[in-house]
Ligand SMILES: *Cc1c(COP(=O)(O)O)cnc(C)c1O
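Residue numbers (our numbering): -8 to 382.
Below is the structure:
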């Protein structure tokens, strides 16, 4: 096997939308010009439309974590009580950021692979009536588990706390009715379902969150949301924006609008479902079977096998880059992504590669069993089912 195309198949960065990539070649432009202001405004307007919210949407130059930090530094004061839901590496990041800025953290922790229940959030809010914020991941990318942010939102809505949702892999993979569910801050990133390289984060901000900002005393400078909002009205950012990424985003957002956000979500959901049936057909266990996210499927390596071997084999045999587990999950799981610019052909290939890798490593799999499951899933959705006489 001589030609191996490199395929980026991780849950961030994700495969790039080609037209977005080409658009980035037009980067020799100045950001304080009408040409660029038009791009900036279109990105903000399209993000708002795709996120389906009446709340303000702002863009920041950073990876997703920058917007996570911005939500903390802009909305809270030292010593504020907050509730952090943590069931994976990104939940732990909420814990780390809120503690780094001196907030008083009540942690609701679940083991990796599980999800924090909405009831636990309601209970924590009742026990901490002074809580000013609740933090969670819509989709915990490190474990492949989803959170019921709708039910959590119902509980948070009734309190003074603002609900801060890291939807960096939730946006474009699960329904999120930001306004109806009371999601005060919803954070996204360019390199996940939005099909462009890393470097842009964005967030929607509700009136309740803006109001809390008025009394927030934590220091901030680069990520100043009030300042960004003032500038955004004029199609400008406070500092030099990532012009190339904005050009890419503008093109990718056009594409996502042509699909429809609901269909982008469906796309991920269908691929995730097909992946789960393929895993079952291959005798592989899911890492988060109870509340599986559509963004990424975390799969346990077969007994006695290091998942790092599978990840390496994907790269060496096929040029495919897939994700290992993070932290203590490294070596235990591998992750198959579905968010953004992924299609069925990607999944056919990924599952076929997986079967060959397992077989080459002495795991008893029937070649084709996983692929057949994916094909069956495709057929059920996309090939018209004809009723047979005996059916
Ligand atoms: C990717 C990701 C982030 C952000 O990570 P960055 O490396 O800062 O972009 C945060 N939360 C989740 C759930 C993610 O998947």
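Just so it is clear, CB atoms sit at the ideal spot from N, CA and C, and this is done for glycine as well. Only a predicted model underlies this, so the values are computations on that prediction, with no experimental measurement involved.
Using CA coordinates, which residue listed in 176, 130, 187 and 222 is at the minimum distance from residue 165?
The shortest C-alpha to C-alpha distance from residue 165 to any of 176, 130, 187 and 222 is the one to 130.
Go ahead and label residue 231 buried or exposed: buried means 16 or more other beta carbons lie within 10 angstroms of its beta carbon, across all protein chains shown.
Counting Cβ neighbours within 10 Å, residue 231 comes out exposed, since fewer than 16 surround it.
Determine the DSSP secondary structure at residue 307, reduced to helix, strand or coil.
helix
Between the alpha carbons of residue 75 and residue 83, how many angstroms are there, rounded?
9 Å
Boundaries (first-last residue) of the beta strand (DSSP E) holding residue 12:
Note, residue 12: premise wrong, no beta strand (DSSP E); alpha helix (DSSP H) at 9 to 14.
Rounded to the nearest angstrom, what separates residue 382 and residue 267 at their Cα positions?
Because residue 382 sits at a pLDDT of 45, beneath the cut-off of 50, its placement in the model cannot be relied upon, and the following sentence gives the value as read from the coordinates. The alpha-carbon atoms of residue 382 and residue 267 are separated by roughly 26 Å.
How about residue 176 and residue 206: do their beta carbons lie closer than 9 Å?
no
Just the Cα atoms here: how many angstroms apart are residue 241 and residue 30?
7 Å
Once DSSP output is grouped into helix, strand and coil, what is the label at residue 49?
strand
Given residue 14, which residues of its chain have a CB within under 8 Å of its CB, disregarding the five upstream and five downstream residues?
238, 239, 241 and 242
Limits of the unbroken alpha helix (DSSP H) element including residue 229
Where residue 229 is concerned, there is no enclosing alpha helix (DSSP H), given that its DSSP letter is neither H nor E.
How long is the line joining the alpha carbons of residue -4 and residue 310, rounded to whole angstroms?
6 Å
Three CB pairs or more closer than 8 Å across the segment 296 to 313 and the segment 111 to 129
no
Residue 222 to residue 289, Cα distance in whole Å?
41 Å
Would you say the beta carbon of residue 45 comes nearer than 8 Å to a heavy atom of ligand 1?
no
Proximity to residue 273 [Cα-Cα], best of 321, 364 and 98
364
Going by the C-beta, is residue 186 closer than 8 Å to any heavy atom of ligand 1?
no
Around the Cβ of residue 73, are there at least 16 other Cβ atoms within 10 angstroms (buried) or fewer (exposed)?
buried
Is the CB-CB distance between residue 270 and residue 277 below 9 Å?
yes
Let's test the definition: count the other Cβ atoms within 10 Å of the Cβ of residue 168 and tell me whether it reaches 16, buried, or not, exposed.
With fewer than 16 other CB atoms across the displayed protein chains lying within 10 angstroms of its CB, residue 168 is exposed.
Any contact of the segment 84 to 94 with the segment 49 to 65, i.e. 3+ C-beta pairs under 8 Å?
yes
Unbroken beta strand (DSSP E) run spanning residue 222, endpoints:
Premise fails: residue 222 lies in the alpha helix (DSSP H), 216 to 223, not in any beta strand (DSSP E).
Close Cβ partners of residue 358 (< 8 Å) along its chain, the five nearest in sequence each way excluded
346, 347 and 350
Taking the alpha-carbon positions, what's the residue 141 to residue 172 distance?
5 Å
Going by the beta-carbon positions, is the gap between residue 339 and residue 371 smaller than 9 Å?
no
When the distance is taken between beta carbons, is residue 11 closer than 9 Å to residue 246?
yes
Given 8 Å as the limit, tell me if residue 182 has its C-beta closer than that to any heavy atom belonging to ligand 1.
yes
Just verifying my parser: in three-state terms, what is the DSSP assignment at residue 212?
coil
Could you check the C-alpha separation between residue 244 and residue 21 for me, to the nearest Å?
21 Å
Which word fits residue -7, buried or exposed, when buried means at least 16 other C-beta atoms lie within 10 angstroms of its C-beta?
exposed
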